[in-house]
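Residue 17 in full-length UniProt numbering sits at position 17 of the sequence shown, and the numbers go up by one each step.
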Amino acid sequence: MSQVVLYIEPKQTKVVTSGPWREGWRAFRRNKLAMLGMMIILFFAAVAFLAPLITHYDYKEQVLLDRLQGPSATHWFGTDDLGRDLFTRIVYGTRISLWVGIASVLGSIVAGTFLGILAGFYGRWIDIFISRFFDILLAFPSILLAIAVVAVLGPSLQNALLAIAIVNIPVFGRLVRSKVLSLRTEEYVTAAKALGMKDARILLSHILPNSLGPIIVQGTLGIATAIIECAALGFLGMGAQPPDPEWGKMLSDSRQFIQNAPWTVLFPGLSIMLTVLGFNLIGDGLRDVLDPRMKQ
């Protein structure tokens, strides 16, 4: 009697690639509010990038005969007291607010991370000196310190950017310092020192990569704060100067028309609110993804 042998081909299983960044992105996508914030910021980024294609007006063009006209098919957001198209000025103002917010925070991150790593890793007199420097900056209200810096350097958009960057240095510096203090006692750092690895390589290969999570979260939230501070300086006349279409400056120029022409205040204010809201929602979503204490 012959024996029949049946061969069953094994079922192939689909290999799903995974990694910390992929897992983080999946968790971020499940956060609906974070995705809403990302859509808001992407919308404003597209508006800033495509500004010449979105509107055909010049944000500096003055038509006094059209001053303080309400929203219409010709001027979607109305006009200001000099007859300039308000929609065009808000569109081009998006470039200024995003640029100041992102550039100032990047400057704060670079300076604050460098000082925080030095203070946390080496300690002793270096930590004392840098920590007292942070304490001095934090002793002043942020907006007053920014006003003082701009008053010394002179009112301009570049000086406002520099002032905002200086104000936020201790925020990132203290955050990085506290993270480095906990990381420098880890076993892999001790092993790297025992192997004779140089301090610069330890900082770049082990300390800095493991400190990126809090920096990214705080950086996203810091952009929202920087946009508000930029608008505050512009409102006080210490930021962008005419005819630059900065949102805070637009609010300052239109406050006397708030009763007769409320649209001149409404649309710049909404632009600031939505942009800040978008970055805050993204920051909260990143915190939920990157902070181990927020994970179940």
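From the three backbone atoms N, C-alpha and C, an ideal C-beta is built for every residue, glycine too.
Nothing here was measured: the structure is a model prediction, and the numbers come from that model.
Evaluate contact between the segment 272 to 280 and the segment 105 to 121, counting only Cβ atoms and requiring at least three cross-stretch pairs below 8 Å. no
Check the C-beta distance from alanine 146 over to isoleucine 130 and give it rounded, since I have them as a contact under 8 Å. Rounded, the Cβ-Cβ distance is 21 Å, inconsistent with contact.
Which of helix, strand or coil DSSP assigns to threonine 220: helix
What residues in its chain sit with their C-beta under 6 Å from that of alanine 224, if we drop five residues either side in the sequence? Val276, Phe279 and Asn280
Which same chain residues, not among the five before or five after serine 108, have their C-beta less than 6 Å away from its C-beta? Ala165, Asn168, Ile169 and Phe172
Put aspartate 85 into one of helix, strand or coil per three-state DSSP. strand
Using only the alpha-carbon positions, how far apart do serine 252 and arginine 201 sit? 50 Å
If you scan the segment 103 to 140 from start to end, which runs of the beta strand (DSSP E) of 3 or more residues do you find wholly inside it? none
Threonine 79 to glycine 154 span [Cα, whole Å]: 30 Å
Taking DSSP as the reference, what is the three-state secondary structure of threonine 79? strand
In three-state terms, what does DSSP make of glutamate 229? helix
Under the three-state reduction of DSSP, which class applies to glutamate 187: helix, strand or coil? helix
From which residue to which residue does the alpha helix (DSSP H) around isoleucine 272 run? 263 to 290
For aspartate 199, report the span of its alpha helix (DSSP H) as first-last. 199 to 202
My assumption, with CB atoms under 8 Å, is that leucine 183 sits in contact with isoleucine 207. Please give the rounded CB distance. 5 Å
Within 10 Å of its beta-carbon, does aspartate 85 have 16 or more other beta-carbons around it, so buried, or fewer, so exposed? buried
Once you ignore the five residues that flank arginine 89 on each side, which residues in its own chain have a CB closer than 6 Å to its CB? Tyr59 and Pro245
Who are the near neighbours of isoleucine 143 in its chain, counting only those whose CB is closer than 7 Å to its CB and skipping five residues on each side? Glu229 and Ala232
Excluding the five sequence neighbours on either side, which residues of its own chain have a C-beta within less than 8 Å of the C-beta of lysine 193, listed in chain order? Ile202
Grab the span of the alpha helix (DSSP H) containing lysine 249 for me, first residue to last. 247 to 254
How is serine 97 classed by DSSP in three states: helix, strand or coil? helix
Please list, in chain order, all residues of the same chain as threonine 220 whose beta carbon is under 7 Å from its beta carbon, the five residues on each side excluded. Phe279, Ile282, Gly283 and Leu286
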